[in-house]
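Line by line, the protein sequences are chains A and B. Under the numbering used here, think of the first position of the first sequence as -16, with each following residue one higher. Under the numbering used here, think of the first position of the second sequence as -16, with each following residue one higher. Comments concern the structure below.
Protein chains: 2
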Amino acid sequence: MTLEKAAAAGATRSRKRRKMQQVTMTEVAVLAGVSPSTVSLFLRKPASVSAAAGQEIARAIDRLGYVPNLVAGGLAAAGSRAVGIVVPSIQNAFFAETVSTIQEQFAEEGLQILLGHSEYSERQEEALVRTALSWAPAAIVLTGLSHSRATRDLLKKSGVPVVEMWELGAAAIDMAVGFSHREAGATALRHLASKGRRRVAFLGARTQEDRRAAARAEGFAAAAQGQATAVVINHPAPASAEAGALLIARALQQVEGLDGIACSNDMVALGVVFECQRRAIAIPDRLAVVGFGDLGFAASCNPPLTTIRPSGDIIGREVARLVLERLRGAARDREKTVDTGHLLVERRSA
Amino acid sequence: MTLEKAAAAGATRSRKRRKMQQVTMTEVAVLAGVSPSTVSLFLRKPASVSAAAGQEIARAIDRLGYVPNLVAGGLAAAGSRAVGIVVPSIQNAFFAETVSTIQEQFAEEGLQILLGHSEYSERQEEALVRTALSWAPAAIVLTGLSHSRATRDLLKKSGVPVVEMWELGAAAIDMAVGFSHREAGATALRHLASKGRRRVAFLGARTQEDRRAAARAEGFAAAAQGQATAVVINHPAPASAEAGALLIARALQQVEGLDGIACSNDMVALGVVFECQRRAIAIPDRLAVVGFGDLGFAASCNPPLTTIRPSGDIIGREVARLVLERLRGAARDREKTVDTGHLLVERRSA
DNA sequence: GCCCGTCATCATAGCGCTACGATTTCGATG
DNA sequence: CATCGAAATCGTAGCGCTATGATGACGGGC
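Written out as structure tokens, the structure reads:
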């Protein structure tokens, strides 16, 4: 009996867990001569701690090199200061710009970004959302409005703020920031038509997967009614200059007297420009070219590229703003969508 | 017995905390008819749970829509399944490719990426590392070998595995994957020299901040000794086609009889190509151009761009491999550095 | 001098999960 | 059929922090 008890006690005592931290908040508290609660309070709301105590705590933190443990904090507070972001591709300059802007805005607020890319697959997106939710994130940012049923359910059930970006038009899960790609496509068509182009083509890359590129193609085709003869030509590979060269070759072959081109991406337009140089097709005289994206090189091109600017940076800023406002307690139905529009940047190519 | 329980319940009663979770592991365990430990074990090492129990648990998870809480898991396990990655810029295609590859590799292992960009500032890098460490990450991946003293100290003290990528040459904190930029610069010079170019220039963007671009410039200049007259021209803005156009204009003005150019980035080379088209300077006949990066458009250019491929994807793969091996228990001194080298891709421009 | 409101600080009880060691189960063996 | 070892399962004690409600300290008004 007594033996057993002693043995049990001994067993319990020998139980050791590896700590993850060398310096904890408690140690800071001890050194500062306050309680851990006060240290925690100081870290979260410095204003509600007296100046004297605050100074003491700050000194102790500095002296000990204390690094707060957000994992423990997140558990205790029932929610972490991380935001999950899922984009189709990190390598796509559009999303890179947006993610970059969001990260900047968040860094100031101490929010971390959990990033994933889905390769335009709803299945992968779902897996990424699932992982992100495992982190009890403060919010989740997705690209576009098309998601698997399971993704939507998961998100709704979790109650986490959700922002869908880069697309507007269909119903959003929670909040949305973006613009209508249909309209952007229509803008391209109208611009070409205004330049007297009547036999035009839309060159798309990966439109089976990229619903937004597909929407631009649709908008382009729809706006052509009675204005011009429009065809849509697609390439299954990701947008690239190479795809552009291939697509323009096919367009030239397919459309007799082709005189205008809209591309789903400036990279594709760049390929068109290169291929036209090779074939000595004058841009814009014989062929007008409109891009999409207003990527860095668009202005330096020969000729400078007329393109549609989606303003990925503004999208990023607005996404960050919505998330931040929600975190600061804005009502769930405060502001649901932001239309960032699109801008036709007219240069020389069309 | 009953009284005690009641008393305890009474004391606790008024205290309420908001739960972060609707479905917990305990509920899964109850439904599956096993203990929480077994569920946890199943989730981490399915092989060490009997097939029958495993099936039951899987069914319960599915039925309840259970989403594991990695925040709690991370706290209990003294370390999370997140990896902090800091790159100078997400918008830079080099790093985008590497991060993209790393993310793919990690997704399969259930590792999350915490991403930040430092804008080439050691101060910002330090802040990002500090935040990342707050997440008790499984590893931290940094770009380059130059970091603030505080960053190095922080990292060393934390004991977290560190991989520095995209650069080799100086001492690494822990592990490193990359290549010598000095050598890459030398390769560019040697290639130009082999083509008989004797009056050459290196066009760099942002070399005060981008130490790697600076190293390429140095390697280029050093290799020129006795081979050619080399100058280095720099532009303070980030690499872009526009910068390329500006730089080549300055180079042409500065160097009489200029016949060879190496660029710190394919984007800069693209600007050079455009500007030369405008000025009717024949590439490569009058001016040979070597880029860096082998970005998507390099092969479609007019003329196709001779460039140096740094293999950002291979770097990403190797980074992921080193991290994964370390997590699986490889010794801290198992393998420290991986040289991914660089590859001259000869096309038509030089 | 007493009461009360305000502000700063504190003690405590978990957040949901995992590691550890203990315990049980079960087939194989002598 | 008892014995043993391996495999499967379980009970428990935290991981480090924050939210909550309680306590103390202080000052103004009566």
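Just so you know, even glycine gets a beta-carbon here, dropped at the ideal spot from N, CA and C.
Is the segment 67 to 80 of chain B touching the segment 5 to 25 of chain B, taking contact as three or more C-beta pairs under 8 Å? No, the segment 67 to 80 of chain B is not in contact with the segment 5 to 25 of chain B.
Give a yes or no on whether 7 Å exceeds the smallest Cβ distance from M3/A to chain B. At a cut-off of 7 Å between beta carbons, M3/A contacts chain B.
For the segment 147 to 160 of chain A, list every residue whose C-beta sits within 9 Å of some C-beta in chain B, in sequence order. Going along the segment 147 to 160 of chain A in chain order, one finds no residue with a Cβ nearer than 9 Å to chain B.
Taking the beta strand (DSSP E) that F89/B belongs to, which residues open and close that run? It is not in any beta strand (DSSP E) - F89/B instead sits in the alpha helix (DSSP H) that spans A76 to E92.
Quick check on DSSP: helix, strand or coil for G240/B? G240/B falls in the coil class under three-state DSSP.
Between A228/A and chain B, is any beta-carbon pair separated by less than 7 Å? Yes, A228/A lies at the interface with chain B (some Cβ there is under 7 Å from its Cβ).
Smallest Cα separation from A265/A: which of M250/A, I244/A, F275/A and N248/A? When C-alpha distances from A265/A are compared across M250/A, I244/A, F275/A and N248/A, the shortest belongs to I244/A.
Excluding the 5 residues flanking G93/B on each side, which residues of the same chain have their C-beta closer than 8 Å to its C-beta? Counting only Cβ-Cβ distances below 8 Å, and skipping sequence neighbours, we find R64.
By how many angstroms is the C-alpha of V54/A removed from the C-alpha of S33/A? Roughly 27 Å separates the two Cα atoms.
Extent of the continuous alpha helix (DSSP H) run through I298/A: Element bounds for I298/A: G295 to L310.
Which whole-angstrom value describes the C-beta separation of A35/B and L14/B, a residue pair presumed to lie in contact below a C-beta threshold of 8 Å? Wrong, their Cβ atoms sit about 15 Å apart, outside the cutoff.
What residue ranges within the segment 190 to 227 of chain A form continuous beta strand (DSSP E) runs of no fewer than 3 residues, ordered along the chain? With a minimum length of 3 residues, the continuous beta strand (DSSP E) runs that stay inside the segment 190 to 227 of chain A are 212 to 218.
Go to L97/B, then tell me how far its beta strand (DSSP E) extends in each direction, as first and last residue. Taken as a continuous stretch (DSSP letters only), the beta strand (DSSP E) holding L97/B covers Q95 to H100.
For A281/B, count neighbouring C-beta atoms within 10 Å of its own C-beta (all shown protein chains included) and say buried if the count is 16 or more, exposed if not. Buried, by the Cβ-count rule.
Counting only C-beta atoms, is A119/B closer than 7 Å to chain A at any point? For A119/B, the nearest CB of chain A lies under 7 Å from its own CB, placing it at the interface with that chain.
Under a three-way DSSP split, which group does A155/A fall into? In the displayed model, A155/A falls within coil according to three-state DSSP, outside both helix and strand.
For M3/B, which of I231/A, E239/A, V143/A and A196/A has the nearest alpha-carbon? Ranking the options by Cα distance to M3/B, first place goes to V143/A.
Residues within the segment 214 to 225 of chain A neighbouring chain B, beta-carbon criterion of under 8 Å: Hits within the stretch, in order: S223, A224 and E225.
Which partner residues of R344/B appear in the DSSP bridge assignment? Given that chain B is displayed from residue -16 to residue 333, the structure contains no residue 344/B and the question cannot be resolved.
What is the rounded straight-line gap between the Cα of V272/A and the Cα of I297/A? The C-alpha of V272/A lies about 25 Å from the C-alpha of I297/A.
Alpha-carbon to alpha-carbon, L305/A and K(-12)/B: Because K(-12)/B carries a pLDDT of 35, less than 50, the predicted location of this residue cannot be relied on, and no value is offered for it.
Over the uninterrupted alpha helix (DSSP H) stretch that includes A263/A, give me the two end residues. No alpha helix (DSSP H) holds A263/A; DSSP gives it neither H nor E.
Residues of chain A with CB under 8 Å from G187/B, in chain order? Against G187/B, chain A offers no close residue; the least beta-carbon distance is about 17 Å (beta-carbon pairs closer than 8 Å).
In angstroms with no decimal places, state the Cα-to-Cα distance between Q208/B and I73/A. The alpha-carbon atoms of Q208/B and I73/A are separated by roughly 41 Å.
Taking Cβ-Cβ distances shorter than 8 Å, what residues in chain A pair up with Q88/B? Those do not exist, as Q88/B stays about 12 Å from chain A at its closest Cβ, beyond 8 Å.
Answer with yes or no whether the minimum CB distance from H100/B to chain A is below 7 Å. Taking a beta-carbon distance threshold of 7 Å, H100/B counts as an interface residue toward chain A.
Following the continuous beta strand (DSSP E) through I68/B, name the residue where it begins and the one where it ends. I68/B -> beta strand (DSSP E) spans A65 to V70.
Identify whether R269/B lies in helix, strand or coil by the three-state DSSP scheme. Coil.
Within the present structure, is the beta-carbon of F89/B separated from the nearest heavy atom of the ligand ADP by less than 6 Å? With respect to the ligand ADP, the structure offers nothing, as it holds no ligand at all.
Go through the segment 10 to 57 of chain A residue by residue and report every complete run of the alpha helix (DSSP H) that reaches 4 residues or more, in order. DSSP runs (the alpha helix (DSSP H)) wholly in the segment 10 to 57 of chain A: 19 to 27 and 34 to 47.
Helix, strand or coil at A122/B according to DSSP, with G and I counted as helix: Three-state result, A122/B: strand.
So what does T320/B bridge to, in DSSP terms? T320/B pairs with A159/B.
Check whether the Cβ atoms of G145/B and L137/B sit closer than 7 Å, and answer yes or no. Residue 145/B is actually Val in this sequence, not Gly. If you check the CB distance, V145/B and L137/B do not come in under 7 Å.
What in chain B is Cβ-close to Q74/A, meaning under 8 Å? Under the 8 Å cutoff, chain B gives A76, A79, E80 and S83.
Could you please tell me which residues of the segment 51 to 65 of chain A, in chain order, have their CB closer than 7 Å to any CB of chain B? Of all residues in the segment 51 to 65 of chain A, P51, N52, L53, V54, A55, G57, L58, A61, G62 and S63 have a Cβ within less than 7 Å of some Cβ in chain B.
In terms of residue numbering, what span does the alpha helix (DSSP H) encompassing G187/A cover? Counting along the chain, G187/A sits inside no alpha helix (DSSP H); it lies in the beta strand (DSSP E) bounded by residues R182 to A188.
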